Amino acid sequence: MRRQFPLTFYFAMT
Amino acid sequence: MLELRLVQGSLLKKVLESIKELVNDANFDCSSTGFSLQAMDSSHVALVALLLRSEGFEHYRCDRNLSMGMNLNNMAKMLKCAGNDDIITIKADDGSDTVTFMFESPTQDKISDFEMKLMDIDSEHLGIPEAEYDAIVRMPSAEFARICKDLSSIGDTVVISVTKEGVKFSTKGDIGAANIVCRQNTTVDKPDDATVIEMKEPVSLQFALRYTNFFTKATPLSSTVTISLSNELPVVVEYKIAEMGYVRFYLAPKIEE
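Those sequence lines, one after another, are chains A and B.
Numbering-wise, the numbering used here comes out as the position in the first sequence, counting from 1, plus 1.
Numbering-wise, the numbering used here comes out as the position in the second sequence, counting from 1, plus 1.
This is the structure:
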């Protein structure tokens with residue numbers, strides 16, 4: 002099963 | 002006080018058309034660098050980053066950094082009222098809860114102003130580092146749009162694979178499967194018609210076509226598109242805006258849990 006993680010999984014919030 | 006005069010007003014019209022379906026509300030940030038925006042779609046898997054550099058405006062006055070929350074659909078409605086050849090000026094006073102778009106026809110015989118209400122938006126800003134990508138593909142933007150549209154009639158997702166052979170776009174659906182391979186092709190009459198592939202590592206990533214099709218709404222902004230890919234990382238789909246900046250879309254890949 003493939004899943005899309007939200008972009009906050011890859012990039013930190015500033 | 003903010004006053005930004007953009008002679009090629011059609012650029013702003015095209016920018017709004019390219020992002021209004023992906024994002025509902027967003028903060029436009031104005032600083033000495035330029036007019037910019039960063040916003041995620043409601044499911045937080047896609048992000049748009051816009052930059053229109055101050056040098057690209059005929060007149061650029063921004064006394065202090067300002068963030069203006071706008072409903073993009075409403076903004077697009079107003080900008081649709083500008084002619085394609087019109088000069089567009091964006092004006093706002095400090096502390097005001099409205100922004101004014103002024104449209105001037107090229108011959109100055111028609112001048113309109115449209116005032117739009119601003120809104121308070123709590124937006125999350127992501128720090129996106131400049132990264133080295135495993136593969137960068139530059140291709141005609143119309144070709145990329147055509148591929149995304151064609152594949153979405155067969156399946157819901159696209160696998161983009163870059164190898165020495167070229168870039169392959171693949172999908173599968175109930176009715177069958179499709180593969181489109183674009184090879185590097187630099188022997189074209191016009192440089193914008195070229196497909197150029199820079200590859201450090203082979204890459205294969207899967208994305209939802211629903212989103213890539215949203216991104217291709219930016220096709221009228223640029224004759225070429227740059228797709229930057231690294232394994233397991235969000236893709237960047239960039240449309241350069243002539244001399245002024247860019248619209249970049251980031252999209253999270255579908256990965257194995």
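C-beta: ideal position from N, C-alpha, C; glycine also.
Since this is a predicted model, take the numbers as computed values, not measurements.
Exercise for the section: Give a single yes or no on whether arginine 249 of chain B has its beta carbon closer than 7 Å to a heavy atom of the ligand NAD. Expected result: The ligand content of the structure shown is nil, which means the ligand NAD is not present either.
Exercise for the section: Apply the 10 Å Cβ neighbour rule to glutamate 105 of chain B and answer buried if 16 or more other Cβ atoms are within range, or exposed otherwise. Expected result: buried
Exercise for the section: List the endpoints of the continuous beta strand (DSSP E) containing leucine 7 of chain B. Expected result: 3 to 7
Problem - Complete beta strand (DSSP E) runs within the region 103 to 151 of chain B (minimum length 3 residues, chain order) - result: 112 to 118, 136 to 141
Problem - Contact list for the region 234 to 252 of chain B against chain A, Cβ threshold 9 Å - result: Leu234, Pro235, Tyr251, Leu252
Problem - Reference leucine 8 of chain A; option with closest CA among B/Lys165, B/Lys81, B/Tyr251 - result: B/Tyr251
Handout entry: Residue burial classification, methionine 2 of chain B (beta-carbon count within 10 angstroms, cutoff 16)
Key = exposed
Handout entry: Limits of the beta strand (DSSP E) - the one that methionine 41 of chain B falls within
Key = 35 to 41
Exercise for the section: Leaving out five residues on either side along the sequence, give the residues of the same chain with a beta carbon under 7 Å from the beta carbon of valine 163 of chain B. Expected result: Ala136, Val138, Ile198, Met200, Pro203, Val204, Leu230
Handout entry: proline 254 of chain B beta carbon less than 8 Å from that of proline 235 of chain B
Key = yes
Problem - Any chain A beta carbon closer than 8 Å to leucine 210 of chain B - result: no
Exercise for the section: Quick one: using the 10 Å Cβ neighbour count with 16 as the cut-off for buried, is glycine 246 of chain B buried or exposed? Expected result: buried
Exercise for the section: Give me whichever residues DSSP pairs with arginine 65 of chain B in a beta bridge. Expected result: Partner(s): none; arginine 65 of chain B has no beta bridge.
Exercise for the section: Could you spell out the range, first to last residue, of the alpha helix (DSSP H) harbouring methionine 76 of chain B? Expected result: 73 to 80
Exercise for the section: Check the Cβ of glycine 35 of chain B against every Cβ in chain A and list those closer than 8 Å, keeping chain order. Expected result: Result: empty, since nearest Cβ-Cβ is about 18 Å, beyond 8 Å.
Problem - chain A contact for valine 46 of chain B (CB, 8 Å cutoff) - result: yes
Exercise for the section: Report buried or exposed for glutamate 258 of chain B, applying the criterion of at least 16 other Cβ atoms within 10 angstroms of its Cβ. Expected result: exposed
Exercise for the section: Could you confirm whether any beta carbon from chain A is found closer than 8 Å to the beta carbon of glutamate 202 of chain B? Expected result: no
Exercise for the section: Could you check how far apart the C-beta atoms of isoleucine 176 of chain B and valine 168 of chain B are, in whole angstroms? I think they sit under 8 Å. Expected result: With a Cβ gap of about 24 Å, isoleucine 176 of chain B and valine 168 of chain B do not count as contacting.
Practice task
Enumerate in chain order the residues of its own chain whose CB-to-CB distance from serine 11 of chain B is below 7 Å, with the five nearest sequence positions on each side excluded.
Solution key: Asn85
Exercise for the section: Give the DSSP-derived three-state secondary structure of valine 24 of chain B in the structure shown. Expected result: coil
Practice task
Tell me, please, whether the CB atom of lysine 92 of chain B is closer than 8 Å to any CB atom in chain A?
Solution key: no
Practice task
Determine the contact status of valine 237 of chain B and phenylalanine 216 of chain B, defining contact as a CB-CB distance below 8 Å.
Solution key: no
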